[in-house]
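Going by full-length UniProt numbering, the letters in the sequence shown line up with residues 1 to 284, in that order. Accompanying notes for the structure given below.
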Amino acid sequence: MTLLAAPLFTADWTLTGALVSTAACVVAVVALARLADDELAGRSGGWRAAVALLLWPTSVFLVAGYDESLFLALAIPAWLAARRGRWPLAAALAAGASCVRITGLFLALALVVEFFASGGPVRRAAWLALPFAPLLLRSGWQRLHGGDWLTWGQAQEAGWGRQLAWPWESLASTWQSALTGERAAWLFRMELAGAFLAVGAVLLLLFLRRWSELVYVGLQAGVLVCSASYLAVPRAVLLWWPVFVLVARVSARGRWWALVGYALVTAPLMLLNTLTYLESVRAG
């Protein structure tokens with residue numbers, strides 16, 4: 001819907017998409033910095049989390065006319081509002097995020113956990129239903145026009161081969177693709193690395209007992225590693241702001257070397273992935 005204003009600025013839809021994504025990226029980065037500053041009580045967490053996000057290997061999608069940055073521009077402020085106890089605002093922003101991506105479902109579930117874990121006022125619990133509304137309306141529209149409530153899932157299977165599989169089957173399939181001599185083999189190696197990181201993030205959030213963030217990240221990680229083959233895992237991690245806040249947390253208190261090490265690993269991959277995207281090869 002944000003592209004409907006395109007004729008007011010330019011006739012180039014691609015340029016308009018990039019401009020919208022870039023503006024949304026700025027909003028998302030600022031919100032992430034504020035969230036990390038709140039989490040780390042002013043220990044310079046904001047800029048560390050922002051750097052971690054921008055250096056992530058698939059960060060090109062934040063400015064390339066896709067919906068990741070628009071989702072984050074709504075989802076991170078929603079989470080920040082929830083952390084500050086502003087539940088009506090959090091629910092409204094999360095509803096907007098649900099309009100952008102199906103990932104809004106995981107955000108909505110995580111907000112429910114965050115509400116009860118933080119002892120939110122019961123009189124405001126009804127607001128938690130709002131983020132589910134766009135998802136239900138979209139499913140109803142699909143049922144009305146496509147004959148199925150889960151048309152989105154069918155499209156994923158038809159277009160990308162996504163279907164449920166045991167995690168060891170997914171691992172074996174992706175591992176085999178990563179060992180081929182084809183040009184795209186390195187992409188599957190990135191998928192494997194992303195999957196291992198996803199599992200590690202889930203275990204760390206579990207260890208830290210960050211239950212709401214565990215729901216948001218863990219459910220997505222479960223879906224990704226139970227697909228027929230790992231597909232767009234690094235790109236999905238781009239939406240996991242709890243991971244970037246964790247990077248900021250680990251690198252705080254004088255542990256600057258942790259952020260430097262992170263940058264030395266991710267920055268070259270980010271540049272490589274960006275060049276691959278510009279060459280019109282799948283990049284995450």
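Note that CB positions come from ideal geometry on N, CA and C, so glycine has one too. Remember, predicted model here, so these are calculated numbers, not experimental data.
What is the rounded straight-line gap between the Cα of A125 and the Cα of F115?
Reading the sequence shown from its first residue, position 125 is the one you call residue 125. Reading the sequence shown from its first residue, position 115 is the one you call residue 115. Using only the alpha carbons, I get a separation of about 8 Å.
Tell me whether L164 sits in a helix, a strand or coil according to DSSP, three-state version.
Along the sequence shown, read from residue 1 onward, the residue named residue 164 stands at position 164. L164 falls in the strand class under three-state DSSP.
Okay, do the stretch 12-27 and the stretch 210-218 touch, 3+ Cβ pairs below 8 Å being the bar?
no
Can you pull the DSSP bridge partners for S227?
Counted from its first residue, the sequence shown places residue 227 at position 227. BP columns for S227 point to L164.
Would you report the Cα separation of M190 and P234, rounded to the nearest angstrom?
Taking the sequence shown and counting its residues from 1, one reaches residue 190 at position 190. Taking the sequence shown and counting its residues from 1, one reaches residue 234 at position 234. Distance between the alpha carbons of M190 and P234: 7 Å.
From A31 to S21, what distance separates their C-alpha atoms?
On the sequence shown, position 31 is the one that residue 31 refers to. On the sequence shown, position 21 is the one that residue 21 refers to. Those two C-alpha atoms are separated by around 15 Å.
What is the rounded straight-line gap between the Cα of A50 and the Cα of S59?
Here residue 50 refers to the residue found at position 50 of the sequence shown. Here residue 59 refers to the residue found at position 59 of the sequence shown. Going by the C-alpha atoms only, they are around 11 Å apart.
For W21, name the three-state secondary structure that DSSP assigns.
Counting from 1 along the sequence shown, the entry for residue 21 is found at position 21. Reading off the sequence, residue 21 comes out as Ser, not Trp. Three-state result, S21: helix.
Between the Cα of S139 and those of W166, S251, L278 and S98, spot the shortest distance and give me the residue it belongs to.
On the sequence shown, residue 139 is found 139 positions in, with the first residue counted as 1. If we check each option's Cα against that of S139, S98 comes out closest.
Between L93 and A28, how many whole angstroms is the CB-CB distance? I'm expecting something under 8 Å.
Taking the first residue of the sequence shown as position 1, residue 93 is located at position 93. Taking the first residue of the sequence shown as position 1, residue 28 is located at position 28. Not confirmed; about 12 Å, so no contact.
In its own chain, which residues sit with a C-beta less than 6 Å from the C-beta of S251, not counting the 5 before and 5 after it?
In the sequence shown, counting from the first residue as 1, residue 251 sits at position 251. Closer than 6 Å at Cβ, skipping near neighbours: R48, A258 and L259.
Anyone know if the C-beta pair for L40 and A248 falls short of 9 Å?
Here residue 40 is taken as the residue at index 40 of the sequence shown, counted from 1. Here residue 248 is taken as the residue at index 248 of the sequence shown, counted from 1. Yes. Within cutoff.
Rounded C-alpha distance that separates V113 from P242
Against the sequence shown, residue 113 aligns to sequence position 113. Against the sequence shown, residue 242 aligns to sequence position 242. Approximately 15 Å, taken between the alpha carbons.
How far does the alpha helix (DSSP H) with A198 in it extend, from its first residue to its last?
Counted from its first residue, the sequence shown places residue 198 at position 198. It spans A185 to F207 - the alpha helix (DSSP H) in which A198 sits, taken as one unbroken run.
Using CA atoms only, rank isn't needed, just tell me which of P57, S118 and W127 is closest to W211.
Against the sequence shown, residue 211 aligns to sequence position 211. The residue with the shortest Cα to Cα distance from W211 is S118.
Please report how far the alpha carbon of A75 lies from the alpha carbon of W166, in whole angstroms.
Indexing the sequence shown from 1 puts residue 75 at position 75. Indexing the sequence shown from 1 puts residue 166 at position 166. About 30 Å.
Could you give the residue range of the alpha helix (DSSP H) that holds L55?
Position 55 of the sequence shown, counted from the start, is the residue given in the question as residue 55. It is not in any alpha helix (DSSP H) - L55 carries neither H nor E in the DSSP assignment.
Compare the C-alpha of S69 against each of L128, R84, V100 and A91 and name the closest.
In the sequence shown, counting from the first residue as 1, residue 69 sits at position 69. When only C-alpha atoms are compared, the closest one is V100.
Hey, quick one: how far does the alpha helix (DSSP H) through S69 stretch, first residue to last?
Locating residue 69 in the sequence shown gives position 69, where the first residue counts as 1. That run of the alpha helix (DSSP H) goes E68 to R83.
Are three or more beta carbon pairs between the stretch 222-236 and the stretch 169-176 nearer than 8 Å?
yes
As assigned by DSSP and simplified to three states, the class of G96:
Translated into positions along the sequence shown, residue 96 becomes position 96. Of the three classes helix, strand and coil, the one that applies to G96 here is helix, per DSSP.
Just curious, the alpha helix (DSSP H) that G254 is in, first and last residue?
Position 254 of the sequence shown holds residue 254. Taken as a continuous stretch (DSSP letters only), G254 belongs to no alpha helix (DSSP H), as it is neither H nor E.
Hey, how far is the Cα of A82 from the Cα of L192?
Here residue 82 refers to the residue found at position 82 when the sequence shown is read from its first residue. Here residue 192 refers to the residue found at position 192 when the sequence shown is read from its first residue. Taking the straight line from one Cα to the other gives about 33 Å.
Local Cβ density within 10 Å of F207, reported as buried at 16 or more and exposed below that:
Indexing the sequence shown from 1 puts residue 207 at position 207. Answer is exposed; the Cβ neighbour count stays below 16.
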